[in-house]
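Each residue of the sequence shown is one higher than the one before, starting from 267 at the first, in the numbering used here.
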Amino acid sequence: MPVVVVESPAKAKTINKYLGPDYTVLASYGHVRDLPPKDGSVNPDDGFAMTWEVAADSRKHVKAITEALKTDDHLILATDPDREGEAISWHLQEALASSLKKGKTVSRVTFNAITKDAVTEAMKNPRQVDKPLVEAYLARRALDYLVGFTLSPVLWRKLPGAKSAGRVQSVCLRLIVEREQEIEAFRAREFWTVTAVLVTPRGQEFEARLTVLGAKKLDKFDLPTAESAELAVHAVTSRPLSVTAVEAKPASRNPYAPFMTSTLQQEASRKFGMGAKQCMSAAQRLYEAGLITYMRTDGIDMAPEAVMAARAEITQRFGAAYVPDSPRMYKNKAKNAQEAHECIRPTDMSAAPEKLRLADPDQRKLYDLIWKRTIASQMSAARMERTVVDVASPDGQVVLRANGQVVLFDGFLKVYDEGRDEEGDDEGRLPQIMQGEAVEKRSVTPSQSFTQPPPRYTEATLVKRMEELGIGRPSTYASVLTTIVDREYVRKDKNRLIPEDKGRLVTAFLTNYFRKYVEYDFTADLETELDDVSAGDRDYKDVLTRFWRDFSAAIAETADLRIGEVLTKIDEFLAPHLYPLREDGSDPRICQVCGTGRLHLKTSRSGGAFIGCGNYPECRYTRPISGGEDQGGVDGKVLGEDADGNPISIRTGRFGQYVQRGEATEAQPKPDRASLPKGWSAESLTLERALELLSLPRQVGLHPEDGLPVEAAIGRFGPYVKHGSVYANLPDVEEVFSIGMNRAVEVLAQKAAGRRGGAAPAGPLKVLGTHPDGGEVQVMPGKYGPYVKWGKVNATLPKEMDPEAVTLDEALVLVAEKAGKNGAKKKAAPKKVAVKKEAGAKPVVKKAAAKTAGAKNPAARQAAAKTPAAKKAG
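This is how it looks when you write it as structure tokens:
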């Protein structure tokens, strides 16, 4: 009976259903081996020898496969059909080498969808593990290890606070940082447009925009001021207008290609706000359930049988008019597309989303998206009529243009239309208009606009850009994005990716000292070389040798760098963004508080960076590196003013972000400051909240016992209340601003009791009533969640049970079950109670009978029987 190994138990369950009892299907639970996270796991001096070890969590899974192979002679490796899947199969073969002795056979099978036909067909066509694919994996793994474990220590030593660098993640981070620098360097430019609401002789309204003024075509910036716009308005209002041209042109829109990994992630982000990781997790579960084809792919072609099934479904649902004369063929345009699998599509075209009724909302939304996109990709084009109408004055001095569109046949739009990253203006439908007709002016309005900076990346647009540049692969997008957020190099705000100070510093460091390795072309070319390895056209050790020769030399050049030298270099590199030109023409490097100190880059203990005055500690002026200066020299974001007219601003210092009242002066060198509590966002901070922070400590009142003040504040270890020398922590920052005297006295009393050696027990959340055997039944707060307490019995409350809504009957059942389990724990192996030995006889051991437990436990049985519900049932 062959042993089939796949990655996940969900996949194993589905495949076992298709193969039946003649196969043993087991899961490896992903990779079973990895490089130990320590120096020397890849040895460049020994032909890039790699030391692998079986992960602790994987040993039991390897053992289970080993046990199965004792009675079965054929191992079938059925992991995913990509490089990563090939690598897992290779690792399994290597880890099981001792079990695969003479007489045992190993084969590799792949299928693009987990359906009965696909799986059974794959079993008929086994092969061996693909050596070039494995070597491409080994090369990529070695490269990532060498970069991570060689470059990261350089960052730790030379750039305090930096956590790691990676071959792909550092290039991805550079994209985000450079986009932010473009935004900061952007200067908005004002321009005006003039729009008229016109009325046809039949009383129908339409809008037209001024395109010609003074017989000259208007460019975008030809109306730069309100005055010029008003003159244009007068030119339009003072002249009669009539229709001079009506042009209607047919147009069509073709459907979008079916999904591959990157486009699925982009569309899931646009339509549902799903991150790449969330999207791929839902797609993985759909694949393992046999509902969609493999979800990590660069391919957009579709199997012929799937195309025909889609066309049949379209005909059945919408009619023959919605099916084009010939099937649509799609060709991949991505740079460096890896060995192309089929597109991401439903395995059964007739399985419409409404038929499946998936319970998980992410899976339900994603399947709906995939099904609609796949069906739409084989539908007829949408046909439209686009109309352009010109309205002009008799002298030709002014011309206004209106654009409209009419959908004549919706085609694929009946099912699906792709989302957009940046919304634009949609063309509306125009009324019936005839050339030569006069039009009436209902209103003529000037409108002010400003040019906009390039938008920050979302996960969707970043993945799209990485794909265009040939950086990374389908299996890497989600993990790379997760890594740079987890490393606190980037944060997500309303789905936009914003670089943190740490991310800016790392990018500046790498760009200065390792520029080649964060170049987009270099990274893409390296991916091309790895593609060549997977195709068998290049030796993977040659790729590693060339890379390591130059990279190790670049590492060696940084050995003598001092931290101060690095900061100076980064300071100079980032100068255009750190010190933008001032409107008054003064030196942007001169501190505007003391007037003499020179501003320069500093790092904080937390690893962040900020701009500080060179006259520290005499001058304590600081500002964040990403905030710049605003008018008046107040740094960071100014929230407003207090009652005395002092500006309240958000700043960044060596210990993180804080709010400040006013500016440092000779009379008051250190103005009022308050650190932002953990979990508070500078972007959402209001003036009111900032003033609340600056007002701390807050006096709650006078203690009823001794009349001493009770204060609430936020300290180094979080929120607390204080009475004399007693400090008691509060669970929530918000409580600092709202706690009353009763609650404060209770918290302080508990802390005082703890100091005396007898920690004051927390009070019950709810008293439910009396147990049939006497004693209160209570709901208590616990370290690991609420629980039911009766005497010495503590029964954990299930997560789905609301502690405020639990009833006495429910609690008594939990107590009875817990008492039964406790009884089971008391059951022990027979004990040796006596040893009797006579001359020439063997020792005789008497055994004590163990008491039964669980359902046989008298106390448990009695407690369960005495519940009110049980009595009522009796």
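No residue lacks a Cβ here, since even glycine has one placed at the ideal position from N, Cα and C.
For K486, no alpha helix (DSSP H) segment is defined, and its DSSP state is neither H nor E. Going by beta carbons, E533 and T563 fall outside the 8 Å limit. Under the three-state reduction of DSSP output, A978 falls in the strand class. Remark: C-beta atoms of L530 and A517 do not approach each other more closely than 8 Å. Restricting attention to beta strand (DSSP E) runs no shorter than 3 residues, the segment 339–395 encloses them at 340–343 and 371–374, ordered along the chain. Taking the Cα positions, T811 is about 12 Å away from A819. The Cβ atoms of F775 and L1031 do not sit closer than 8 Å to each other. Contact between A978 and V966 holds: CB atoms are separated by about 6 Å, below the 8 Å threshold.
Here I580 carries a helix assignment [DSSP, helix/strand/coil]. Secondary structure note for Y284: it is in no beta strand (DSSP E), and the uninterrupted alpha helix (DSSP H) holding it is P275 to L285. Remark: C-beta atoms of Q359 and L343 approach each other more closely than 8 Å. Scanning L497, L974 and E450 for the CA closest to the CA of Q663 turns up L497. DSSP lists V1033 and K1055 as the beta-bridge partner residues of Q1044. Taking 8 Å as the upper bound for CB-CB distance, A948 and Q926 are not in contact here, some 12 Å apart.
Under DSSP, H866 forms a beta bridge with G878. Taking the CA atoms as reference points, K304 sits about 34 Å from Y723. Within the segment 709–773, the runs of beta strand (DSSP E) at least 3 residues long that lie entirely inside it are, in chain order, 756–759 and 762–765. For K807, the three-state secondary structure derived from DSSP is helix. Taking a contact to require three or more Cβ pairs closer than 8 Å, the segment 450–458 and the segment 484–502 qualify as touching.
Beta bridge pairing from DSSP links K482 with L479. From the listed residues A704, V1043 and V1011, the smallest Cα separation to D972 is found for V1011. For the options T834, A511, V751 and V320, the alpha carbon positioned closest to that of V657 is the one of A511. The alpha carbon of A569 has as its nearest neighbour, out of R594, V589, F584 and A555, the alpha carbon of R594. Here Q435 is near V746, since their CB atoms are less than 8 Å apart.
Distance from the Cα of A523 is smallest, within the candidate group R433, P302, W637 and G1041, for W637. By the Cβ criterion, the segment 666–679 is in contact with the segment 639–656, since at least three pairs of Cβ atoms, one from each stretch, lie closer than 8 Å.
In this chain, the alpha helix (DSSP H) harbouring E954 covers L953 to L960. Just measuring C-alpha positions, the residue of S852, D805 and F788 sitting nearest F314 is D805. Annotated three-state conformation of Y553 is helix, per DSSP. Under DSSP, G662 shares a beta bridge with no residue.
For Y993, the enclosing beta strand (DSSP E) begins and ends at V992 to N995. In the structure shown, G1006 falls within a coil segment according to DSSP collapsed to helix, strand and coil.
The beta carbon of F472 lies closer than 7 Å to those of L464, A668, L696 and P697 in the same chain, with the five residues before and after it left out.
Taking C-beta atoms as the reference points, V328 and L362 count as a pair closer than 8 Å.
A direct Cα-to-Cα measurement between N598 and E571 gives close to 20 Å.
Burial state of R770 is buried, judged by a 10 Å Cβ sphere holding 16 or more other Cβ atoms.
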